[in-house]
Structure formats: structure tokens, C-alpha cells
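Down below is the structure, laid out as C-alpha cells.
2 protein chains.
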Amino acid sequence: MAKSGVASRPRGATSTGAATRQALVEAAIETLKSEGFAGTSARAIATRAGCNQALVFYHFGSVVDLLLAALDQVGTRRMQHYRAALGEVTTPAGLAAVAADVFREDMDTGDVAVLVEMIAGSSSTPGLGAEVAARIAPWREFAQSALEAGLSGSPLGSVLPLGEFSHAAVALYLGLEMLSHLDGDRSRATALFDRALQVASLLDAFTTSPPVPAAKEHP
Amino acid sequence: MAKSGVASRPRGATSTGAATRQALVEAAIETLKSEGFAGTSARAIATRAGCNQALVFYHFGSVVDLLLAALDQVGTRRMQHYRAALGEVTTPAGLAAVAADVFREDMDTGDVAVLVEMIAGSSSTPGLGAEVAARIAPWREFAQSALEAGLSGSPLGSVLPLGEFSHAAVALYLGLEMLSHLDGDRSRATALFDRALQVASLLDAFTTSPPVPAAKEHP
DNA sequence: GTCTATACTTGGATAGAC
DNA sequence: GTCTATCCAAGTATAGAC
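Top to bottom, those sequences are chains A and B.
Position one of the first sequence corresponds to residue 1030 (my numbering), numbered consecutively onward.
Position one of the second sequence corresponds to residue 1030 (my numbering), numbered consecutively onward.
Put into C-alpha cells, the structure is as follows:
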């Protein structure tokens, strides 16, 4: 009911405040990445957003609610990107290649660190755990559909227990991010994805891939 | 220097203070498990230990130093237990059975949650990351020797890149704990270990190996 | 060694001026 | 919508009595 239409805002004013709202979300994300859950206070966020601490409570009511909004943002952002990257993946090697790519990006952006910090931080705030869990669930579903897509051509697809594998995939992803972030060394994780690509390519070779209309990739 | 010998303590006195020191470490562990890194303050720990908040600083100098002592304690404790459980494992199925057992225990005790909280909490305190990383390293080494032991009889042992796999194993372990702890649902993780046991048993069957003593217990 | 008391800092949250 | 000012709770850490 508030937040209503058209917003006849005065000349030159800094928009409707939606801009600062967005700035706060973005600042919350960055603060979670670099300072962790324990270091992400209303003051720290506001400073990074270049605005006043009180605005956190005006726009979001509380710090944790802002943090959840940040988690939502990073979630939908990454999910869109993952879906696009998954694109026309139909083979194990294709899946592995995309996974390696995407993981490398996630190391660079640090987006997954936001997830990790929110999960670990959940223990300290009553009720937060359930909220975070609800926002993690889609990732498991996505992982499963990715596995299905990548193994659709392979006999493995109908044999492997994809429900359990998808859970493992999410867990592994989070664990790798956590360890890489800890010592700042992503080489171990990338080496692992390289290896996965090798194995997947081997799988491809064993699978008679009949149609596969020579992809529409462009160089 | 300090902490010197023999401590001719008065009759009936509560030992030399080593007892409260230990109580503080134990309380720190429990607080990390239930309140998370962000919720683990000197006051919270002292309350749980049944002593005064000032003793944290008397015995450990700072909260983070106590937390690191707690991490050490949980680390050596679990490492001892893991080594014992690994015992005479020489086959994939044996390894999988032990791993499932041990993970189930870790879910119950929550010891791995301490690791996870410390890793995630590292971001918020300068210098803590390196300390924690140093204490994680032994786990990767242990995982590797466990894999070597479990695959010693199998041709897989000489083919698989154990260095990379051990890193993945640690990451997976941490990730599974994190997710299980989040929604309080350990069924997904245990289902996964059950599945691993099936696969490992299959591997055993393909490997002509001498009579092997069966796993110690089964449901 | 352990406690009480206290100094100082930071954080969450609200009221009110602009 | 945004800022200043402020209240209050909680945290780290130290000093000093017992």
C-alpha cells in the first residue's frame, strides 16, 4: 500500500529512495563477503553504502531482514546466470565444463561466500536458520536438473540416484568455496574441476552420441 | 615461565585452575555449536562454564585465543578417534562403512560444526584465517591417508588423484555438516553415505581380495 | 585464581528535525 | 527519505579486592 505509484518526485531529488535501498543491499553483500556474518553490522553496511545507519532500519526494519534481502538478491542473480550457462548442456563433459567455468566465476565474485556466511551465521539468530534453509532449497533442485541435463544422453542418468547426488553437489560446492576462501588458494578447487572435466570427457567417449547437431557455438 | 610446578594448593581448593581452564574450553566448544561464531562471546562462554567472564581473559588473554584452543581440542579429539576408527581398513567398502559411522557420530556430537563456525567466522577477525587454516591442514592429510588405506588393495588407488580427492572429501564433509546443521535434517547426508557404501561394496566385488573381516556393526 | 566493579567501545533501534 | 542525536543493551578488556 505504501511504496505507491508514479512518485512525482521533486526536481533533482535522488529518486524515490529505491536507489539507496538497492545500495544497502549491495553494500550488505559486499560486507558479508569481506567481513563475514559476525562483522556485518548496520553501521558497517551503511558506511559502505555511503549513507546513514538509520536507513537500514527505515528500509528493512532490522539488520537480519536486510541480510535476507541480500541473500535473495545474490540468489536470484546467480540462479539466472547458472540457468543461462547451463543452456544446452546435454553431455557430462559439457556439464563439467560449465561447472568449472561457473565455479571459477563464483570464486572471483565471492557470491557463494554470502551463502556460506549466512548459513554459518544462522546459528546465532533464532529463526534465521529456517529462512536461510528456504532460500537454499532451490539450489538443490537446480543442481538436480543440471545433473539430469548433463546425463540425459548417458545411461548413467537413469542409474545414479540424482536426488542424493544433487545434495552432495551443493554441499561440495559450499565446502570448496569455504576452504578456498579460508586460505585464499583456489588452485586446489580448480584442479579438482579440471579433473572432473577429464573424467566426464571419458564418459562422453563411451556414450554413443547419435544426433547432436554440431552445436550452434560461435568462436 | 609461569604456570610453574607442583602448585601446593590448599586443602579442598578447586585444583590449580586448570580445571576451570578446561571448563572454559569445553564451554567454548558447546557455545560455538549452539550459538555459532557470532553468538559466542566471553560472557556466553563463562556463563555456560559456570564461572566469571573475567576468567576468559585471565586464562586465554582474549576470546579468539580461547576459541582457537577450543578448535585445537576438538581437532585432536576427533583426529584420535578417526585414526582409531580407520584401524585396519584396507578396502573401499571398509572405508565407506567407517566414514558413514564416523559422520553419523559427528552429526550427533556436532564437533564438525565447530570447524565450520570457525572457518566462516575467520572473515571477521584479522589474522584468524591463517590460524584456522593451519589447523585444517592436518585433516586433508588425514583424508588422503584414509583414501590410500581404503584403496590400497584396489587398482583405483594408483589411478585416482588422491591429493585432489582428499581436498574434495574434506570440502564435502564440511558442506554436508553445514547443510544438515542448517535444517536439522541429517537424512539426506546419511542416505548419501549409505549409497557410497553400496558403490564401495560393488568395487570390493570387482577386486579379487583375500578374506576381509566384515565391518564392525550394522543396523 | 576467582570475583566485583568499572572503563570503554560497538551495535541495534527509535525520535524528531529537516 | 535522510540525517542527527540519543537510548540502551551487550561486548572486550582491565584493575583491584578477596
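Ideal placement from N, C-alpha and C gives every residue a C-beta, glycine not left out.
Close beta carbons around residue i, own chain, < 7 angstroms, minus the five adjacent residues each side
i: R1107(A); result: D1140
i: V1127(A); result: A1114, L1115, V1118
i: S1183(A); result: P1121, L1232, T1236
i: G1104(A); result: R1164
i: G1192(A); result: Q1173
i: G1123(A); result: G1179
i: A1175(B); result: L1115, L1124
i: K1062(A); result: G1139, A1142, V1143
Assigned exposure category for residue i - 16 Cβ within 10 Å defines buried
i: F1089(A); result: buried
i: D1101(A); result: exposed
i: R1112(B); result: exposed
i: D1137(A); result: exposed
i: V1241(A); result: Here V1241(A) scores only 49 on pLDDT, less than 50, and its place in the model should not be relied on; the value that follows carries that caveat. Exposed: under 16 other Cβ atoms inside 10 Å.
i: A1178(B); result: buried
i: L1231(A); result: exposed
i: G1079(B); result: exposed
i: D1130(A); result: exposed
i: R1228(A); result: Sequence check: residue 1228(A) is Val here, not Arg. Classification for V1228(A): exposed.
i: T1120(B); result: buried
i: A1142(B); result: buried
i: S1216(A); result: exposed
i: A1047(A); result: exposed
i: D1223(A); result: exposed
i: T1049(A); result: buried
i: V1188(B); result: exposed
i: T1045(A); result: exposed
i: S1195(B); result: buried
i: A1234(A); result: exposed
i: A1166(B); result: exposed
i: L1096(A); result: buried
Start-to-end residues for the alpha helix (DSSP H) that takes in residue i
i: A1218(B); result: 1216–1235
i: S1209(A); result: 1191–1212
i: Q1102(B); result: 1092–1115
i: Q1082(B); result: Counting along the chain, Q1082(B) falls outside any alpha helix (DSSP H), and DSSP gives it neither H nor E.
i: F1066(A); result: F1066(A) -> no alpha helix (DSSP H), and no H or E assigned at all.
i: V1188(B); result: 1185–1188
i: P1155(B); result: No alpha helix (DSSP H) holds P1155(B); DSSP gives it neither H nor E.
i: T1138(B); result: 1121–1138
Chain-order list of residues whose beta-carbon lies under 8 angstroms from that of residue i (same chain, five-residue window excluded)
i: G1034(A); result: Caution applies to G1034(A), whose pLDDT of 39 falls short of 50 and renders its modelled position unreliable; the value that the coordinates give is listed next. Nothing listed; no residue qualifies.
i: A1073(A); result: T1060, E1064
i: S1181(A); result: T1119
i: T1154(B); result: V1093
i: A1052(B); result: A1078, G1079, C1080
i: L1203(A); result: V1141, L1144, V1145, I1148
Residues near residue i by beta carbon distance below 6 angstroms, same chain, minus five either side
i: A1225(B); result: A1125
i: M1207(B); result: V1145
i: A1163(B); result: none
i: V1199(A); result: W1168, R1169, A1172
i: L1185(B); result: none
i: L1205(B); result: A1218
i: D1135(B); result: V1141
i: A1099(B); result: V1054, A1057, I1058
i: A1220(B); result: none
Heavy atom of the ligand HEM within 7 angstroms of residue i beta-carbon
i: G1204(B); result: Questions concerning the ligand HEM fall outside what the structure shown contains, since it holds no ligand whatsoever.
*Pairing CB atoms from the segment 1203–1220 of chain A with CB atoms from the segment 1149–1169 of chain B, are three or more of them under 8 angstroms?*
They touch, by the three-pair rule.
*Touching or not, the segment 1144–1156 of chain B and the segment 1059–1070 of chain A, by the rule of three or more beta carbon pairs under 8 angstroms?*
Under the Cβ criterion (8 angstroms, minimum of three pairs), the segment 1144–1156 of chain B counts as touching the segment 1059–1070 of chain A.
*Specify whether the segment 1075–1089 of chain A and the segment 1168–1184 of chain A touch according to this definition: at least 3 beta carbon pairs, one from each stretch, less than 8 angstroms apart.*
No, they do not touch.
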